[in-house]
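Taking it in order: structure first as structure tokens, then the write-up.
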Amino acid sequence: KIDLATEHQVEKVVKMLKADLAISAKDKIYIERLKEMIFDELDLIRIYLKEPGKEADMTVPLIIRRGFKVEDVCNKLHKDFVSKFKFCRVWGKSSKFPGQKLMLEHKLEDKDILEIHLR
26 KIDLATEHQV EKVVKMLKAD LAISAKDKIY IERLKEMIFD ELDLIRIYLK EPGKEADMTV
86 PLIIRRGFKV EDVCNKLHKD FVSKFKFCRV WGKSSKFPGQ KLMLEHKLED KDILEIHLR
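Heads up, the sequence shown is in my numbering, so the first residue is 26 and it goes up one at a time.
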């Protein structure tokens with residue numbers, strides 16, 4: 026049990042066992058790191074949605090698989106979004122510049138902000 030050991034003892038055991046991570050649910054030690062490792066292992070990314078003319082909702086991300094395109098997100102949000110799609114704007118790593126106007130085939134990256142424009 027990690028919560029009964031000193032930090033030095035934990036480091037020693039982790040090295041000995043070649044463990045990726047030692048956690049304590051009781052003391053909440055490395056819980057955030059565990060979440061990150063699970064997220065990475067499942068190959069998920071977060072995107073934030075933004076309505077035109079409003080601020081992006083940075084509190085609740087949409088969790089999607091890495092490699093998802095704008096079209097995949099549209100399909101997840103509503104069955105009519107693809108047929109009514111006009112264009113989108115993206116802020117983040119996957120865009121060449123902030124607010125770049127893009128289409129359905131654009132691949133999204135972790136922490137991108139997506140604004141969808143419909144007809």
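Glycine included, each C-beta is placed from N, C-alpha and C at the ideal position. As the structure is a prediction and not an experimental result, all values here were calculated from the model.
First through last residue of the alpha helix (DSSP H) which encompasses residue i
i	result
residue 64	56-66
Residue i versus residue j - alpha carbon distance
i	j	result
residue 101	residue 58	28 Å
residue 56	residue 46	10 Å
residue 97	residue 77	20 Å
residue 138	residue 82	9 Å
residue 79	residue 60	30 Å
Chain C within 7 Å of residue i, Cβ atoms only
i	result
residue 50	This model lacks chain C altogether, as it is built from one protein chain only.
Beta-carbon contacts of residue i that lie in its chain and below 7 Å, excluding the five residues immediately before and after
i	result
residue 143	106, 109, 110 and 111
Neighbourhood of residue i by C-beta distance below 6 Å, restricted to the same chain and skipping five residues each side
i	result
residue 67	none
residue 75	81, 138 and 140
residue 123	116
Other residues of its chain near residue i: CB distance less than 8 Å, five sequence neighbours each side excluded
i	result
residue 126	112, 113 and 114
Residue nearest to residue i in terms of C-alpha spacing, selected from the options
i	options	result
residue 119	103, 52 and 70	70
residue 63	95, 31, 90 and 82	90
Boundaries (first-last residue) of the beta strand (DSSP E) holding residue i
i	result
residue 70	69-75
Can you list, in chain order, the stretches of the alpha helix (DSSP H) that have 4 or more residues and sit fully within the stretch 85-143?
For the stretch 85-143, whole alpha helix (DSSP H) runs of length 4 or above, ordered along the chain, are 95-102.
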